[in-house]
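Asker:
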Amino acid sequence: MVTGSDEVIRLRDVRKGLYDLSGKTLNRGIPVLSDINFSLAKGEIHVLLGENGAGKSSLVKVICGAIEPDQGKVFIEGEEIPANDPGKALSSGVAIVSQEFSLCPNLTVAENIALGREQIGAGGFLDKKTMLAAAAAQLARLEASYIDPSRKVKRLPVAEQQLVEIAKALAAEPRVLILDEPTSALTDNQVDMLFKVVRLLKSGGVSMIYITHKLKEIFEIGDRVTVLRDGRTIRTIPVNEVADVGEMIQMMIGSKLENLFHKEACPVGDAALVVENLVGRPGDQAVDLVVRKGEIVGLAGIVGAGRTELARMIFGIDKYASGRVEVFGKTLPPGNPRAAIAAGMGFIPEDRKRQGIVPLMSVAENMCHVSARRLSWHGFVSIGKRRKLAADYVSRLKVAAASLGQEIRYLSGGNQQKVILGKWLSANSRLLIFDEPTRGIDVGAKSAIYRLMVDLARRGAAILMISSELQEIVGMSDRVFIMRNRGVVATLEGGSIAGDAILRYAMGGEELVRGS
Amino acid sequence: MLKSVLKLCFAAIAVNILFAAAFAGQPRVAVVVKTLTGDVFQLKMAEAARDKAIELGADATIYQAGGQTAVQRMVQIIEDLITQQVDVIVISPLDSKAVVPVFQQAKEEGVIIVCMDQVAEGDDYVTFISTDNYAAAALGAEFAKEQLGGKGKVLVVEGAPGSSVGDDRKNGFKDTIVKDSRIEVVGSQSGYWTNERAMAAMENMLQANPGVDLVFSCSDGMTGGILEAIKLAGKEGRIKVISFDGSSFGIELIKEGKIIADVAQFPIKIGQMAAEIGIGVFNGTVDPASLPKFIDSGTKLITAENADESLADAF
Amino acid sequence: MATALKRILSFKEAPIVFLILVVALLCGVFVPNFLTAANLVNILSQSATVGIMAIGITLVIISGSGGIDLSAGSILGVSSIVMAMTIIPPELYRDTAAMLVLPNDYWVIFKALVFCMGVGMFCGFLNGAMVAWVGLPPFIATLAMMTAARGLAAYISAGIPTYGLPTSLVWVGQNSLWFVPVPVALMIALAVIVHIILTRTTYGMSLLAVGGNRETSRFCGMNVKGTLISVYVICGLFAAVGGVILSARSNQAHPDAGIGYELSAISAAVLGGTSMMGGSGGVLGAVLGAVFLSLIQNPINLLNIPVAYMKPIMGALIVIAVLLDQWRKKQSIGD
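Residue numbers (this note's numbering), protein chains in the order written: chain A, 3 to 518; chain B, 7 to 321; chain C, 718 to 1052.
1. Name the residue from Ile769(C), Ala866(C) and Val1039(C) whose alpha carbon lies nearest to the alpha carbon of glycine 990(C).
2. Which same chain residues end up closer than 6 Å to threonine 229(B) when comparing Cβ atoms and leaving out the 5 residues on each side of it in sequence?
3. Assuming phenylalanine 321(B) contacts lysine 151(B) under a Cβ cut-off of 8 Å, what Cβ separation, rounded to an integer in Å, is found between them?
4. According to DSSP, is glutamate 175(A) part of a helix, a strand, or is it coil?
5. Within 7 Å of any Cβ in chain A, is that where the Cβ of phenylalanine 842(C) sits?
6. Is histidine 912(C) helix, strand or coil when you go by DSSP?
7. Would you call the stretch 938 to 954 of chain C and the stretch 771 to 786 of chain C touching, i.e. three or more CB-CB distances under 8 Å?
8. So is phenylalanine 728(C) in contact with chain A if we call contact Cβ pairs under 7 Å?
9. Comparing the C-beta of valine 360(A) with each C-beta of chain C, is any distance below 7 Å?
10. Identify which residue in Ile778(C), Glu808(C), Leu980(C) and Phe747(C) has its Cα closest to the Cα of methionine 994(C).
11. Can you tell me which of the three DSSP states serine 100(A) falls into?
12. How many angstroms separate the CA atom of valine 396(A) from the CA atom of glycine 424(A)?
13. Put lysine 198(A) into one of helix, strand or coil per three-state DSSP.
14. Check the Cβ-Cβ distances between alanine 345(A) and every residue of chain C, and say whether any is below 7 Å.
15. Measuring only the C-alpha atoms, how far is alanine 288(A) from asparagine 279(A)?
16. Where lysine 295(A) and phenylalanine 317(A) are concerned, what is the direct C-alpha to C-alpha distance, given to the nearest angstrom?
17. Chain B partners of methionine 816(C), CB-CB under 9 Å?
18. Ordered along the chain, which non-local residues of its own chain (more than five positions away) have a Cβ less than 6 Å from that of arginine 411(A)?
19. Using the Cα positions of isoleucine 963(C) and glycine 794(C), report the straight-line distance between them to the nearest angstrom.
20. With a threshold of 7 Å between beta carbons, is leucine 220(B) in contact with chain C?
21. Under the rule that 16 or more other beta-carbon atoms within 10 Å means buried, what is isoleucine 857(C), buried or exposed?
22. Give the interface partners of glutamine 271(B) over in chain C, defined as CB-CB distance under 8 Å, in chain order.
23. What residue from Ser992(C), Pro1023(C) and Gly1006(C) has the CA that sits closest to glutamine 1043(C)'s CA?
24. Return no unless some Cβ of chain C is closer than 7 Å to the Cβ of phenylalanine 330(A).
25. Identify the continuous beta strand (DSSP E) that holds isoleucine 236(A) and give its terminal residues.
26. Quick check on the burial criterion: 16 or more other C-beta atoms within 10 angstroms. Buried or exposed for tryptophan 824(C)?
27. Can you pull the chain B neighbours of leucine 963(C), defined as C-beta to C-beta under 7 Å?
28. How about valine 108(B) and valine 81(B): are their beta carbons less than 7 Å apart?
29. Comparing the C-beta of proline 339(A) with each C-beta of chain C, is any distance below 7 Å?
30. With the cut-off set at 7 Å, would you say valine 96(B) and alanine 295(B) are in Cβ contact?
31. Is the separation between the beta-carbon of alanine 1053(C) and that of alanine 1007(C) shorter than 7 Å?
32. Please report how far the alpha carbon of proline 284(A) lies from the alpha carbon of methionine 315(A), in whole angstroms.
33. List the endpoints of the continuous alpha helix (DSSP H) containing phenylalanine 272(B).
34. Can you find the residues in the same chain that come closer than 7 Å, C-beta to C-beta, to glutamine 32(B), ignoring five residues on each side of it along the sequence?
35. Do three or more CB pairs link the stretch 88 to 107 of chain B to the stretch 33 to 42 of chain B at distances below 8 Å?
36. Does glycine 381(A) get closer than 7 Å to chain C when you measure Cβ to Cβ?
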């Protein structure tokens, strides 16, 4: 079915190191992509499958020319794309609907769709009429004529914004369309509609790369599927040759090294955290969960499943509609982090830079933000006590800093994470929420963080860990709660904690498994 | 026969117009000034113009731009007044150039403009009534020369930079005092029409020129600060002060012996004259063609000798 | 040598001290009568009002997320009018004729000072409430307060300035303790106190943390809104103290007093090494910045330079100071 001459896109032996926002390669860590071989046939819908961070988004960015590979070659319709010409892909008919919206919220739907291809009328003014008509035509293709092209994008619900995003990509009449998780914000009806359009485009000869987390979508529209893991293409198979979902999940997880985690069983004590019937927004599913002393409890789910939102409500950063949160036997008032901290809770947030550190302040100061009151005398900070306490935790957690007075922004991610952990430990927090504890941290520091977590559990601390890394959840958790659509869909314990099971629940594949 | 019919017609029309004016009610007069806050001169001038206009049967309101430099605001006020079709604008322009376009517009709409205190460019206003600031300051300078016996060092505390009134006073004083004398102007700095800044400028100038004999303050509104600076420098009584404006505050200072003279101007008279002329032109009793472009509202040098009598008609 | 330089550069006040020394040295050489004790004391006294305001404004800027107080000058105006009107009997207040001679009634003066500072703090509280509770951008909130407070000053005073305050109050503005004028002593004392609060107390730490990263501070259980409101209240209080000093020094209360002072105070804060991004800065630098602003005004008066040249020079010097500060930061990043 797929022959070389039909190839629209081919990637050969592509490699890319860690890169920053501008696409520049950074000289450290494991590469984001390596040994990537990938091809897209004409008129094909090719699904990319992989865990968070497996390299799916990076791969399509290479195709679009948004990032430049360090090694390897990219061909579009048999023609090699020179590394120094990133605009080439777009000009040869590749369009992308990315995960992060690229719409301008303050412009109208029509303006957004026409962006970059504005109709210039007489006298150099924009021809609004033509623009509105063109936008309406594109929306009609998606059977989304109910969206008013003259409305501002920011006034649309997220699902409609997603459709506008797709209409915008279609307006360029692309020959290759890349869809990066297009259905994450859509309802089932809208998804059906989108699939109709996708099939229509396919019959019109448009080739598509389709990234998704939802396993059943693969079987609905996919022709071939490529599984990525740790930045490598593991295997490419035609969808009709896939035996069962488990096989794909196994490919996504691989066989992981266990000794990274140093996990050991700790004596389990009384309940540290009890969450009862917690409802964030009216209409959400009520959540119940318990974390006991000495336990590490994982909170798994795909991005957007509501894990961080749940943790923020438990900690009191956000308010909730109804329910009860109890910490060490005390019921917490909603929306009051101070009460949570006083009850012995600590929170290591996922966005270190925005929520974890005060970049301009020193290591010692950052370490003592929570325990400041204890270190003070009538409101005056005891510099000596602060230094002593900071020095104590710097050495216990093995923080690599030039001095206690060094501004924390100059530390590496792993060391910043250790300081944040130290901040809570020094405040005697005995119930810790870790939100993506090892995101953006190199392997050595990861291992150190895991060791610290296990050590804490052994001393009787209770830990709730949110993670998008399956191996981390599997390797560290005594129990796992799996969330989907802002509700807990499953709880796994002990031996039943396995990557494939977690993925299946997180991605909504359990019906498929039961069915097959 | 025809002639007498025509005459009759003209008379009827004239009566008609008069009646129309009477029926339309009073002429509407707008008094526009820089600010009423902290500027007693403008306040008294504006109140006098308004009161006079009301006395003459007009409907009068005061509008203020709200600051010594609020040029744009003043232009907006005039534009609004044109829209409201007022008959007479009695105004103290903030900036002689910025108001020219709106003045033109007002003239085209038949609005009568009378300038007070500060002049505008062009000839869209009927007349400009003010103290002759240059001549008045020269009067003060002559008195200073006399007091210093023809030799010595003097300082000048100027108004805000760019103010034509301030420049006239400064130049009138400086030009006159150095003429035929051995008097030297050793410093001349802006006090921005405010007490605090006049005080700071005076303090600093006194540091550079410890041996000055006399200071000329371009406004009573800055003299308080100048006196504080002199007091703080420990030179009270050793430096003579001449001020400008002739407000009751200034005259009291003369009576207390804190300053030796004050060049008086008459804001109440300016305001009254401006209102009279504006309404006169509107009623047709004053022929704008016969009016001079500048009317000197007069000036007077107040010293210890005539302080008491001057207090009566001071503002 | 290099390490000594690095050590000096680690102080955020280094650039402003350097600038002050350079300008002072140049003036000392080229401007006659500059290096006299009386002139230097003058420069310091003239900087006191702006310096005290700059202390408050520095705290507001440190509080981050665009923290700024444009209303400080207007708050100065309204609080000094309130003070004068408490002291001066109404019938005398309307009398613009004379330099008033008022008795030293200490109870009245005390009441006046309390009202004056109360008004300043209340205006500051409204600013803080608009920023922290309503969520207005500080620029907008304080811009509104700037207009409102100035209007209030004009309204309650009927636009009339008044000359002459009780001598015991004027003492605060014009007399000296040994060689140090009272306003300068007050400025230094307040700067030292606030410096200690900022660097040595839990309140100061939370302010720096809130300014440096509001989200992190919430996660650490700090009272973010309370901290925000408090800095605006302090800023209002210091504007009122500035009003007392200004009125006492010029022996006058004027409804237009302090117009434009907020911009001088903001300049002083920036000159002193406070980052407009929030989260870092110091009040000692702000006071030095205020001293610098009156320092460069001084030779202009001494040398009788026309004012037109002054403003561009001041603008250029502010840019130079900020560039120096950026260079300093780059140098001290080295380790």
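Here a beta-carbon is modelled for each residue, glycine too, at the ideal position from N, C-alpha and C.
Here the structure is a predicted model, which is why all the values come from computation and not from measurement.
Answerer: Reading off the structure:
1. Val1039(C)
2. Ser223 and Ser249
3. Phenylalanine 321(B) to lysine 151(B), Cβ: 27 Å. No contact.
4. coil
5. no
6. helix
7. yes
8. no
9. yes
10. Ile778(C)
11. coil
12. 8 Å
13. helix
14. no
15. 5 Å
16. 17 Å
17. Gly230, Leu233, Phe255, Glu258, Leu259, Glu262 and Lys264
18. Pro361
19. Sequence check: residue 963(C) is leucine here, not isoleucine. The alpha-carbon atoms of leucine 963(C) and glycine 794(C) are separated by roughly 10 Å.
20. no
21. exposed
22. Residues of chain C passing the Cβ test: none, with the nearest at roughly 16 Å.
23. Ser992(C)
24. no
25. 234 to 240
26. exposed
27. Glu202
28. yes
29. yes
30. no
31. Any property of residue 1053(C) remains undetermined from this structure, which presents chain C solely from 718 to 1052.
32. 14 Å
33. Note, phenylalanine 272(B): premise wrong, no alpha helix (DSSP H); not H, not E.
34. Gly63, Ala64 and Asp65
35. yes
36. yes
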